[in-house]
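S.K.: Protein chains in written order, with the numbering used here: chain Z, 7 to 122; chain F, 7 to 122.
C-beta: ideal position from N, C-alpha, C; glycine also.
If you scroll down you'll find the structure; I have some questions about it.
Number of protein chains: 2
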Amino acid sequence: MNERPVLSFAMRMIQHPAIEDVALSQVLYALSDPVRLGVVRQLAQGGEATCSALDAGRPKSSMSHHFRVLREAGLVRTRTDGPAHMNELRRDELERRFPGLLTVVLAAQAEAPGRT
Amino acid sequence: MNERPVLSFAMRMIQHPAIEDVALSQVLYALSDPVRLGVVRQLAQGGEATCSALDAGRPKSSMSHHFRVLREAGLVRTRTDGPAHMNELRRDELERRFPGLLTVVLAAQAEAPGRT
DNA sequence: ACGATAGTTCGAATATAGTCGAACATTGAA
DNA sequence: TTCAATGTTCGACTATATTCGAACTATCGT
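Structural data, given as structure tokens:
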């Protein structure tokens, strides 16, 4: 039988869920990891970025995992740009699906402020 | 040596973190579980409730776990009321610490709406 | 002091997540 | 077509979560 992968072009098609199919729990979970929250914050500020630009010293395989979680939660859209992958927040879509959520999360002070 | 628990009264004091010491990730994580999100929604609607009133058929030990996660994330305050424990949302405090967060989460449509 | 009720804690089993190196895939450029 | 650059996938390991029964604790009423 043919052992070669059929439709190898499918590998480069990066899948994104329709925003309607994303569950609230899923989004909250994706945002609950400090690494991923950091990525989202940076994307919110910088507009878009490659995976490696936001790795914070972590290995590629770890970052790839986190970006996948963000993608599957509908938070991030990834498009291929040459050999790199460009990521951007799905802000407008998220705003429709969960009004105010991203705004509130981005505005929040993540860590406990130092208390005397 | 004295093997008896000293200060056994401390056992009945239910501990709650200061709202300032709660991290955003922690809150998002606590809310990312459907069972806990359901509890929060019910508390938001009903004002307050005992643990067993919201168990949705789950065993006590499981619910106790979820309530502990909610407490440690600063979402819920538990006070003892006779043999029962009364829980209520720490809405005002949460609103100060993470403005708009709880409101937005409660307003959100949790599940994907049916799509034709 | 006893029993009934409501939760907590413990322990063990299972499940899910995060981490990271190594191998692989894709792209564009030389 | 070979190479360097950028991510993805795989596999293994570790860590953390969830679940639930059983034993325990606290509280109130009798």
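Give the straight-line distance between the Cα atoms of residue 53 of chain F and residue 25 of chain Z, rounded to the nearest whole angstrom.
M.R.: Rounded to whole angstroms, residue 53 of chain F to residue 25 of chain Z spans 32 Å at the Cα level.
S.K.: Residues of the stretch 40–54 of chain F with a CB closer than 8 Å to any CB of chain Z: list them in chain order, please.
M.R.: Those residues of the stretch 40–54 of chain F that come within reach of chain Z (Cβ to Cβ, closer than 8 Å) are 40 and 43.
S.K.: Among F:62, F:84 and F:75, which has the Cα closest to the Cα of residue 29 of chain F?
M.R.: Selected option, being the one with the closest Cα: F:75.
S.K.: Rounded C-beta distance between residue 96 of chain F and residue 80 of chain F? I'm assuming under 8 Å.
M.R.: Yes, residue 96 of chain F and residue 80 of chain F are in contact; Cβ-Cβ is about 6 Å, under 8 Å.
S.K.: Any beta carbon of chain F sitting closer than 9 Å to that of residue 73 of chain Z?
M.R.: Chain F, which has no Cβ nearer than 9 Å to the Cβ of residue 73 of chain Z, makes this no.
S.K.: Compute the Euclidean distance between the alpha carbons of residue 48 of chain Z and residue 102 of chain Z, then round it to the nearest angstrom.
M.R.: Taking the straight line joining both Cα atoms gives about 21 Å.
S.K.: Counting only beta-carbon separations shorter than 9 Å, does residue 106 of chain Z have a partner in chain F?
M.R.: With 9 Å as the cut-off, residue 106 of chain Z counts as an interface residue toward chain F.
S.K.: Step through the CB atoms of chain Z and report whether any lies within less than 9 Å of the CB of residue 60 of chain F.
M.R.: It does not; no Cβ of chain Z falls within 9 Å.
S.K.: Check whether the stretch 105–122 of chain F touches the stretch 103–120 of chain Z, counting contact only when three or more Cβ pairs, one atom from each stretch, lie closer than 8 Å.
M.R.: Yes, the stretch 105–122 of chain F touches the stretch 103–120 of chain Z.
S.K.: Do we get a CB-CB distance below 9 Å when we pair residue 9 of chain Z with the residues of chain F?
M.R.: Reliability fails at residue 9 of chain Z, whose pLDDT of 36 lies under 50, so the model's placement of it is uncertain and no value is given.
S.K.: Pick from F:91, F:118 and F:99: whose alpha carbon is nearest that of residue 104 of chain Z?
M.R.: If we check each option's Cα against that of residue 104 of chain Z, F:118 comes out closest.
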